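Using my numbering, the letters of the sequence shown map in sequence onto residues 1 to 443. Have a look at the structure below, then the notes.
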Amino acid sequence: MGKFEDLREKYDTFRYKNYTLKREGGEYHIEFSYEIPGLSTFCTKWSFPVQREADETILRALAFHLGMAESISYWKCACPKRLIVDCGSFSEEQCAWWEKLYYNGLGEFMYRNGIEAGRDELVNIECAGTGAAAPLHDAAAYEGCLVPVGGGKDSVVSLELLRGEKMTTYSINGNSTTRNVIDACRHKDGDYAAKRILDKKILELNSQGYLNGHIPFSSVVAFSSVIAAYLSGRRYIILSNETSANETTVKDSFVNHQYSKSYEFEGDFTSYIKEVTDSDIHYFSLLRPLTELQIAWLFSGCTGYHGVFRSCNAGSKQGIWCCNCPKCLFVYIILTPFLSQEELVGIFGENLLEKDSLDLDFRELTGIEENKPFECVGTRSEVLASLKAFVQRGGKSLLTERYRDVILGAQGDIEEMLGEWVDENNVPEQYQKILKGRLFGEA
1 MGKFEDLREK YDTFRYKNYT LKREGGEYHI EFSYEIPGLS TFCTKWSFPV
51 QREADETILR ALAFHLGMAE SISYWKCACP KRLIVDCGSF SEEQCAWWEK
101 LYYNGLGEFM YRNGIEAGRD ELVNIECAGT GAAAPLHDAA AYEGCLVPVG
151 GGKDSVVSLE LLRGEKMTTY SINGNSTTRN VIDACRHKDG DYAAKRILDK
201 KILELNSQGY LNGHIPFSSV VAFSSVIAAY LSGRRYIILS NETSANETTV
251 KDSFVNHQYS KSYEFEGDFT SYIKEVTDSD IHYFSLLRPL TELQIAWLFS
301 GCTGYHGVFR SCNAGSKQGI WCCNCPKCLF VYIILTPFLS QEELVGIFGE
351 NLLEKDSLDL DFRELTGIEE NKPFECVGTR SEVLASLKAF VQRGGKSLLT
401 ERYRDVILGA QGDIEEMLGE WVDENNVPEQ YQKILKGRLF GEA
């Protein structure tokens with residue numbers, strides 16, 4: 001907390017200075033410029049392929065808002081009290097929207113850095129201009145789906161559910177895992193690959209001891225995906241965020257590692273983007289009505305991806321499972337009701353339930369410890385239900401035997417959970433039918 005206050009005192013202003021849009025051949029290049037006076041300037045660069053002709057007035061507007069989402073990456077190193085937007089303007093409601101995203105999206109960052117600040121104290125947004133422009137009219141026709149792919153099991157399930165649809169995959173700086181998953185999808189109708197380059201100066205400041213931590217990166221994905229949909233002519237941006245993303249990470253708090261994957265953010269973002277343009281582009285999560293358990297069940301049948309998917313943040317860039325993090329352990333556990341031990345060891349390379357080094361992660365995932373791991377993982381009840389099913393069918397391991405009484409005493413039945421449906425979702429009716437057909441056999 002002391003470092004936070006000292007930095008804010010020394011560097012009290014952050015400026016979103018400018019953004020430029022330039023077309024070169026078949027790509028649009030966007031650069032965003034920021035400054036913390038007295039500390040550093042920063043620049044983020046994006047490249048988006050052009051797959052159809054676009055109105056640059058609309059594209060510039062979309063770029064401006066993406067630049068605001070990108071500002072969080074640099075602002076957090078010193079957390080200035082004032083954020084001044086020099087290159088555009090927001091309404092009072094939009095300023096409040098961004099202040100909410102900063103606060104909720106940086107909940108984990110504040111928690112892990114020992115920062116205590118109210119929502120109205122963390123950052124105040126000011127604009128050089130006043131008010132916000134009316135939504136820009138877009139008469140273009142859109143069709144098909146744009147599906148962001150990160151290489152994990154959730155986007156695989158969305159890809160397979162959307163067989164028969166006109167579908168384009170979307171990736172940002174795709175690593176080998178992402179490319180392998182996209183290559184395994186034989187029914188896609190093209191790929192859309194954007195490039196993003198962060199300023200390395202932020203890494204230098206991090207190494208010097210300036211504040212660092214988790215940002216709501218899915219909000220950056222959201223704003224960039226609208227640009228990708230606009231330039232590719234796709235109507236539906238289909239995310240793969242499940243209802244489990246709504247559960248807080250820190251007990252009895254607002255702190256949620258997955259805030260920008262939550263239903264709340266999804267609704268906020270949808271409302272916000274409608275104030276920018278009336279384009280017929282729709283952003284929603286296909287898997288929002290589902291739990292992690294249901295997704296794991298669906299994924300267990302996607303055998304063509306079992307050898308290439310990676311949900312491990314530590315190892316996905318190298319195309320490996322690190323087998324030493326809570327995310328690896330969670331994915332292993334959530335698949336235990338649906339895959340044999342031989343199949344799981346074939347995927348991960350070892351039996352993670354036999355690793356004593358994962359004891360703390362196990363306790364956090366199951367709720368024995370109050371707080372969940374700061375990872376994109378399912379609910380405590382889903383983890384316990386998976387383990388309970390494993391034990392009840394005779395499964396044994398170091399960790400399940402150690403906590404056998406907790407596991408068998410847990411509430412919840414896996415069969416009941418597989419029959420759940422969450423009505424709090426934004427999934428269009430045509431896609432709800434696809435989901436219910438696969439889950440419940442409904443026509």
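Ideal Cβ positions, reconstructed from N, Cα and C, are used throughout, including at glycine. Computed from a predicted model, the values in this text were never measured in an experiment.
- When HIS306, ASP55, LEU198 are compared, the shortest CA-CA separation from GLY67 is found for LEU198.
- One thing to note: PHE4 has its Cβ no nearer than 8 Å to the Cβ of ILE36.
- Annotation: the continuous alpha helix (DSSP H) that includes LEU418 extends over 414-418.
- Remark: C-beta atoms of LYS17 and HIS29 do not approach each other more closely than 8 Å.
- Restricted to the stretch 291-325, the alpha helix (DSSP H) segments that are unbroken, complete and at least 4 residues in length are 292-300, listed in chain order.
- SER176: not part of any beta strand (DSSP E); member of the alpha helix (DSSP H) spanning 176-184, first to last residue.
- For ARG23, the enclosing beta strand (DSSP E) begins and ends at 13-24.
- Taken through DSSP and simplified to helix, strand or coil, CYS376 comes out as coil.
- The beta-bridge partner set that DSSP reports for VAL85 consists of TYR16, CYS127.
- Counting along the chain, ILE238 sits inside no alpha helix (DSSP H); it lies in the beta strand (DSSP E) bounded by residues 236-239.
- For GLU264, the uninterrupted alpha helix (DSSP H) segment begins and ends at 263-274.
- The DSSP assignment places complete alpha helix (DSSP H) segments of no fewer than 4 residues inside the stretch 148-219 at 153-161, 176-184, 201-207, in order along the chain.
- Pairing CYS77 with LEU286 gives a Cβ-Cβ distance that is not under 8 Å.
- Annotated as distal: ASP154 and THR168, with beta-carbon spacing of 8 Å or more.
- Residue nearest to ALA133 within the set SER340, PHE390, ILE273 is ILE273 (criterion: CA-CA distance).
- Listed in chain order, the non-local C-beta contacts of ALA128 below 6 Å within the same chain comprise ASP86, local neighbours out to five positions each way being set aside.
- In this structure, LEU146 lies near TYR236, with their beta-carbon atoms less than 8 Å apart.
- Ranked by Cα distance from ARG52, the first of HIS65, PHE64, GLU27, ALA61 is GLU27.
- Considering only ARG82, ILE72, ILE84, THR130, the residue with the shortest C-alpha distance to GLY107 is ILE72.
- In the three-state DSSP reduction, ILE368 falls in the coil class, being neither helix nor strand.
- Three or more pairs of CB atoms, one per stretch, sit closer than 8 Å, so the stretch 301-320 contacts the stretch 179-187.
- Linking VAL345 to SER89 through their CA atoms gives a straight-line distance of about 54 Å.
- With contact defined as three or more Cβ pairs closer than 8 Å, the stretch 324-333 and the stretch 372-391 are in contact.
- By the Cβ-count criterion, LYS355 is buried, with 16 or more other Cβ atoms from all chains shown falling within 10 Å of its own Cβ.
- Here DSSP, grouped into helix, strand and coil, assigns THR41 to strand.
- When the five nearest sequence neighbours on each side are left out, the beta carbons in the same chain lying within less than 7 Å of the beta carbon of TRP297 are those of PHE338, LEU418, in order along the chain.
- Under the three-state reduction of DSSP, TYR431 is assigned to helix.
- Rounded to whole angstroms, the gap between the alpha carbons of GLY2 and LYS10 is 12 Å.
- C-alpha of GLY38 to C-alpha of TRP75: approximately 13 Å in a straight line.
- When secondary structure is reduced to three states using DSSP, GLU27 falls in the strand class.
- DSSP places CYS145 within a strand segment (E or B) once states are collapsed to three.
- Nearest to ARG196 by alpha-carbon distance, out of GLY174, ILE202, HIS214, is GLY174.
- Of the other Cβ atoms in all chains shown, 16 or more fall within 10 Å of the Cβ of PRO289; this residue is therefore buried.
- With respect to HIS257, HIS214 sits close: the two C-beta atoms are nearer than 8 Å.
- Counting of Cβ neighbours within 10 angstroms places ARG310 among the buried residues, the total reaching 16 or more.
- Excluding five sequence positions before and after LYS201, the CB atoms of its chain that fall closer than 7 Å to its own CB belong to SER40, PHE42, given in chain order.
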